[in-house]
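In the working numbering, the protein residues as written are 8 to 309. Worksheet: one structure, shown below.
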Amino acid sequence: MNNERQQVTVLPVPFHYGASKPGASGGPEAVLQAGLAEKLRHLNLPHSLFPWKEPAELATDRRSLERMRNWGRVLTMSEAVAEAVQSIMESEALPLTIGGDHSVSIGTIAGVTAHVQQLGVVWIDAHADLNTPQTSHTGNLHGMALAASLGLGDTRFTELLGRSPKLQPKRVVLVGVRELDEGEKKHIYETGVTCFTMHDIDRHGMGRVMEKAIAIASYGSEGVHVSFDIDSVDPGEAPGTGTPVRGGLNYREAHLAMEMLYDCGMVTSADIVEVNPLLDTNGRTARLAVELIGSLLGERIL
């Protein structure tokens, strides 16, 4: 954020068809119920809730393929999210998209890059989400979200809003990765996307990794988008997610990442995804999401 008083517009996207397990569609409501509005008020941030309307055709869209499951529903949702984010950006507010599974980022990034063409991205996730229909073992589109924004995969997603690629690999940084498919490794090497795995964080520390990540994402950029998958955090801290992987970020590492992103003054947009209340323990993961949003938007210990 360039201005501590910038308007924040929260866009809830209750959607789970990009994932294998149901439940992420309840994520936005769980985060709202966990006190997101109260957190924004505590930070004295002007804020509003975008009046999201689920596309009428979403419920009846049955277009699907084995290697691209529920692609019709994901595309319909992505188009609606892109349009909503465009509208938020036009109002000069910061769009904060609350998922939903990580496929919502396809629309978020499309909407942001309609206004911020030289966009850096810090993608904090246990997974790279760099599969394509040719490399995916599941056909789940939440595992193809970043690939689509980089112009990899099915043209219905890569050319959303008519511009492909949306992102340049030299400004895209993965942080916290610890589970990669072979196809994703190949895409990382071929595109030159920067990837900081949990090994890098263990070896060099979260502070150093985030310094590098922010420098790469912000170099020559007009702004930085933060995409935070709650499964980047160790499932001991964040049990309520559909794709947990042991050995993730601890509580303070996750907060430090968000605090440093706020301090860089370049964040123009964000999405927080994959909170699944059906798998949560007493709302613990939803509350963590609210706390992390607070750190991204300027909350400090002192």
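Backbone N, C-alpha and C define an ideal beta-carbon position, used for all residues, glycine too. If you're wondering where the values come from, they're calculated on a predicted model, not measured in any experiment.
Checklist entry - Taking L101 as the reference, which of R170, P251, Y269, L65 has the closest Cα? => result As a first step, residue 101 is located in the sequence shown; it is residue number 94 there, counting from the start. Measuring from the Cα of L101, the nearest candidate turns out to be Y269.
Checklist entry - Considering T115, what are the terminal residues of the alpha helix (DSSP H) in which it resides? => result Here residue 115 refers to the residue found at position 108 of the sequence shown. Segment 111–120, the alpha helix (DSSP H) holding T115.
Checklist entry - On the premise that A117 lies in contact with D136, defined as a C-beta separation below 8 Å, what is that separation, rounded to the nearest angstrom? => result As a first step, residue 136 is located in the sequence shown; it is residue number 129 there, counting from the start. As a first step, residue 117 is located in the sequence shown; it is residue number 110 there, counting from the start. In fact, because the Cβ distance is near 15 Å, the residues do not count as touching under 8 Å.
Checklist entry - Is A222 buried or exposed, if buried means 16 or more other CB atoms sit within 10 Å of its CB? => result Position 215 of the sequence shown holds residue 222. With fewer than 16 Cβ atoms within 10 Å of its Cβ, A222 is classed as exposed.
Next on the checklist: My assumption, with CB atoms under 8 Å, is that G127 sits in contact with S225. Please give the rounded CB distance.
Outcome noted: For the purposes of this step, residue 127 is taken as residue 120 along the sequence shown, with counting starting at 1. For the purposes of this step, residue 225 is taken as residue 218 along the sequence shown, with counting starting at 1. Rounded to whole angstroms, the Cβ separation of G127 and S225 is 5 Å, and the two are in contact under 8 Å.
Item to check | Cutoff 6 Å; reference T275; Cβ partners in own chain excluding five residues on either side | outcome: Looking up residue 275 in the sequence shown gives position 268. Excluding five sequence positions before and after T275, the CB atoms of its chain that fall closer than 6 Å to its own CB belong to V123, G230, given in chain order.
Item to check | Inter-residue CB distance, G33 and L286 (contact presumed, cutoff 8 Å) | outcome: On the sequence shown, position 26 is the one that residue 33 refers to. On the sequence shown, position 279 is the one that residue 286 refers to. Contact doesn't hold; Cβ gap of about 10 Å is too wide.
Item to check | Cβ of L168 within 8 Å of any chain C Cβ | outcome: Of the protein chains in this structure there is only one, and it is not chain C.
Item to check | the segment 292–308 contacting the segment 149–169, beta-carbon criterion three pairs below 8 Å | outcome: Between the segment 292–308 and the segment 149–169 there are fewer than three inter-stretch CB-CB distances shorter than 8 Å, so the stretches are not counted as touching.
Item to check | Through-space distance from A133 to E186, alpha-carbon basis | outcome: Residue 186 sits at position 179 when you count from the first residue of the sequence shown. Residue 133 sits at position 126 when you count from the first residue of the sequence shown. One C-alpha to the other measures close to 6 Å.
Checklist entry - So, L50 versus E306, is the Cβ gap smaller than 8 Å? => result Your numbering for residue 50 matches position 43 in the sequence shown. Your numbering for residue 306 matches position 299 in the sequence shown. Remark: C-beta atoms of L50 and E306 approach each other more closely than 8 Å.
Item to check | For C202: DSSP bridge partner residues | outcome: Here residue 202 is taken as the residue at index 195 of the sequence shown, counted from 1. In DSSP, C202 forms a bridge with L181.
Item to check | Span of the alpha helix (DSSP H), counted from its first residue to its last, around F164 | outcome: In the sequence shown, counting from the first residue as 1, residue 164 sits at position 157. First-last of the alpha helix (DSSP H) with F164: 162–165.
Item to check | Close beta carbons around M217, own chain, < 8 Å, minus the five adjacent residues each side | outcome: Along the sequence shown, one-based indexing puts residue 217 at 210. Exclusion of the five residues before and after M217 leaves V182, L263, A264, M267, L268 as the residues of its chain whose Cβ lies within less than 8 Å of its Cβ.
Item to check | N283 versus G25: straight-line alpha-carbon distance, rounded | outcome: Stepping through the sequence shown from its first residue, residue 283 is reached at position 276. Stepping through the sequence shown from its first residue, residue 25 is reached at position 18. Cα to Cα, the separation comes out at about 13 Å.
Checklist entry - Thinking C-beta only, is V119 closer than 8 Å to F57? => result Here residue 57 is taken as the residue at index 50 of the sequence shown, counted from 1. Here residue 119 is taken as the residue at index 112 of the sequence shown, counted from 1. Against a cut-off of 8 Å, the Cβ pair of V119 and F57 comes out as no contact.
Checklist entry - Based on the DSSP secondary-structure assignment, which residues constitute the bridge partners of H194? => result Locating residue 194 in the sequence shown gives position 187, counting from the first residue. In the DSSP output, where bridge partners are listed per residue, H194 has none listed.
Next on the checklist: Are the CB atoms of V88 and V20 within a distance shorter than 8 Å?
Outcome noted: For the purposes of this step, residue 20 is taken as residue 13 along the sequence shown, with counting starting at 1. For the purposes of this step, residue 88 is taken as residue 81 along the sequence shown, with counting starting at 1. The answer is yes: Cβ separation under 8 Å.
Item to check | As assigned by DSSP and simplified to three states, the class of S27 | outcome: Here the question's residue 27 lines up with position 20 in the sequence shown. Coil, per DSSP.
Item to check | A100 - DSSP class collapsed to helix/strand/coil | outcome: Start at 1 with the first residue of the sequence shown, and residue 100 comes out as number 93. The answer is coil: DSSP assigns A100 none of H, G, I, E or B.
Checklist entry - At what residue ranges does the segment 38–63 contain a whole run of the alpha helix (DSSP H), taking only runs of 4 or more? => result Complete alpha helix (DSSP H) runs here, min 4: 43–49.
Checklist entry - When the distance is taken between beta carbons, is M75 closer than 8 Å to D161? => result Position 154 of the sequence shown holds residue 161. Position 68 of the sequence shown holds residue 75. Less than 8 Å divides the Cβ of D161 from the Cβ of M75.
Item to check | Separation of T139 from T165, as counted between CA atoms | outcome: Position 158 of the sequence shown, counted from the start, is the residue given in the question as residue 165. Position 132 of the sequence shown, counted from the start, is the residue given in the question as residue 139. A direct Cα-to-Cα measurement between T165 and T139 gives close to 11 Å.
Checklist entry - Given G79, which residues of its chain have a CB within under 6 Å of its CB, disregarding the five upstream and five downstream residues? => result Numbered from its first residue, the sequence shown carries residue 79 at position 72. Only D68, R70 meet the Cβ criterion.
Checklist entry - DSSP on G230, reduced to helix/strand/coil? => result Residue numbering aside, residue 230 sits at position 223 when the sequence shown is read from its first letter. For G230, the three-state secondary structure derived from DSSP is strand.
Item to check | Alpha-carbon spacing of E61 relative to R163, whole angstroms | outcome: Your numbering for residue 61 matches position 54 in the sequence shown. Your numbering for residue 163 matches position 156 in the sequence shown. Their backbone Cα atoms lie some 20 Å apart in a straight line.
Checklist entry - Do you know whose CA, among V200, H194, L157, R259, lies nearest K177's CA? => result The sequence position of residue 177 within the sequence shown is 170, counting from 1. For the options V200, H194, L157, R259, the alpha carbon positioned closest to that of K177 is the one of V200.
Next on the checklist: Looking only at its chain, what residues have a beta carbon closer than 6 Å to the beta carbon of H149, apart from the 5 residues adjacent to it on each side?
Outcome noted: Your numbering for residue 149 matches position 142 in the sequence shown. Apart from sequence neighbours up to five positions away, the residues of its chain that approach H149 with a beta-carbon distance below 6 Å are G25, A26, D108, H109, S110, ordered along the chain.
Item to check | Segment limits, beta strand (DSSP E) that includes D278 | outcome: Within the sequence shown, the letter at position 271 stands for residue 278. Annotation for D278: the continuous beta strand (DSSP E) segment containing it runs 274–280.
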